[in-house]
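First comes the structure, then the notes that go with it.
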Amino acid sequence: MKLIEQLIAQGRVAARRARARVPGTAASVRPTRIVLRLNDFSAPDGWARASDAPLDLAGWRALLVGFEQWLGPTRVTIAGGRPEASPLLEDLIRFANRLECPTHLVLPGGLETERVDALVGRGLAAVTLRLPEVDAAPEVVEASFETLRRFRDARADWERPLTVLVAVPLGHHPTRARELSASARNFGADGVLGCLSLDRELPVAAPATLQALGDDERTPHPLAVFTGAPRPLPGGARAEVLSDGTLLVSSVGPAVGRLDPKNPAATWAGADAALAAAREMARPWDEIELAPAVLLSRR
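Going by the numbering used here, the letters in the sequence shown line up with residues 1479 to 1777, in that order.
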């Protein structure tokens, strides 16, 4: 317990120092988003891990502190595969919350009431529920909306500022997408967005499907650009970390290397060639914010 408290104290001190580095400009610099893929067993072929040894809870905690010491305040997204199957999920959300790092969980399906309540109670800041693809059974879709209701109720019970979003795959016909979007709002979603699996081609009807989601949809910048609807980035630069600590700067490209949990900056500093190659690599949509010249974060 004492070691955990020391890690939390180190992370908070580093965050305060980062905010003070450039007085008067901190509010204008967006925080970096670190995507943690706790269960990446369904990763595309291009994701080559640097090792086969997954990080344990201590390793993930050290990595979060290492990122805060390097970048200052960060936003943490937990996604990939089925993150709810990880036994580390609740502990990591609680730890990130104590570090004052907002956490965002991306779920591909339903979740029972007890798990929902535990996640909200540990300080989850946002959740995105990804609806099934076109060929899913009706009961699978219903399970997703039931989970949405559970998060809405848990938010009220805990009185927490939780953001609940629903992601609609762009493979759906615009009419169906409009129906799903309306249902999501009726169940209490704060917003809807379009999404696309990395292993799927962008459907011809994707721009119409995106438009059918409504005026307040929150589709991520890369897909919005590809479908002809550019907008400002909702966050700053981002990087992705696989289950063994492998650093990715492209969702469809090779790994940069395995991070040292206590010094993640070292991998970034020694990866000029890999970063340059990632910026020049062809990709299905514009995701260049994954590989900026400098990975920097300040609130």
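All C-beta atoms in this analysis are idealised placements derived from N, C-alpha and C, irrespective of residue type, glycine included.
Under three-state DSSP, which class holds R1608?
strand
Starting from T1462, trace the alpha helix (DSSP H) in both directions and tell me its first and last residue.
There is simply no residue 1462 to check, as the chain begins at 1479 and stops at 1777 in what is shown.
For A1754, report the span of its alpha helix (DSSP H) as first-last.
1750–1758
Check whether the Cβ atoms of A1604 and L1643 lie closer than 8 Å to each other.
yes
Report the CB separation of L1589 from T1641 in whole angstroms; it is logged as a contact under 8 Å.
Their Cβ separation, rounded to whole angstroms, is 16 Å, which puts L1589 and T1641 out of contact at 8 Å.
Would you mind reading off the limits of the beta strand (DSSP E) that contains V1780?
No answer is possible for residue 1780: it lies beyond the span of the chain, which begins at 1479 and ends at 1777.
What are the residues that DSSP puts in a beta bridge with R1511?
R1553, R1716
What residues are listed by DSSP as bridge partners for G1735?
L1725
Going by the beta-carbon positions, is the gap between E1695 and L1688 smaller than 8 Å?
yes
Between A1655 and D1693, what straight-line distance do the alpha-carbon atoms span, to the nearest angstrom?
13 Å
Quick check for students: name the residue ranges of the alpha helix (DSSP H) that lie wholly in the segment 1568–1600, counting only runs of 4 or more.
1591–1599
Selection from V1646, S1659, G1601 that minimises the alpha carbon distance to L1674:
V1646
On the CB-based measure, 16 or more other CB atoms within 10 Å of its CB, does V1664 come out buried or exposed?
The amino acid at residue 1664 is misidentified as Val; the sequence shows Asn. Exposed.
State the Cα-Cα distance for the pair V1619 and L1607, rounded to the nearest angstrom.
11 Å
Roughly how many whole angstroms lie between the Cα atoms of D1534 and P1742?
16 Å
Where does E1611 land, buried or exposed, given buried means 16+ other C-beta within 10 angstroms?
exposed
If you drop the 5 nearest sequence neighbours on each side, which residues of the same chain put their C-beta closer than 6 Å to that of L1514?
I1556, V1719
Taking the Cβ atom as the reference point for each residue, do F1623 and S1661 lie within a distance shorter than 8 Å?
yes
G1544 - DSSP class collapsed to helix/strand/coil:
helix
For V1682, count neighbouring C-beta atoms within 10 Å of its own C-beta (all shown protein chains included) and say buried if the count is 16 or more, exposed if not.
exposed
Which word fits P1639, buried or exposed, when buried means at least 16 other C-beta atoms lie within 10 angstroms of its C-beta?
exposed
Roughly how many angstroms lie between the CA atoms of D1738 and G1672, to the nearest whole one?
34 Å
Classify P1616: buried if its beta carbon has 16 or more other beta carbons within 10 angstroms, exposed otherwise.
exposed
Can you tell me which of the three DSSP states G1666 falls into?
coil
Check for me: the alpha helix (DSSP H) holding P1685 runs from which residue to which?
1684–1690
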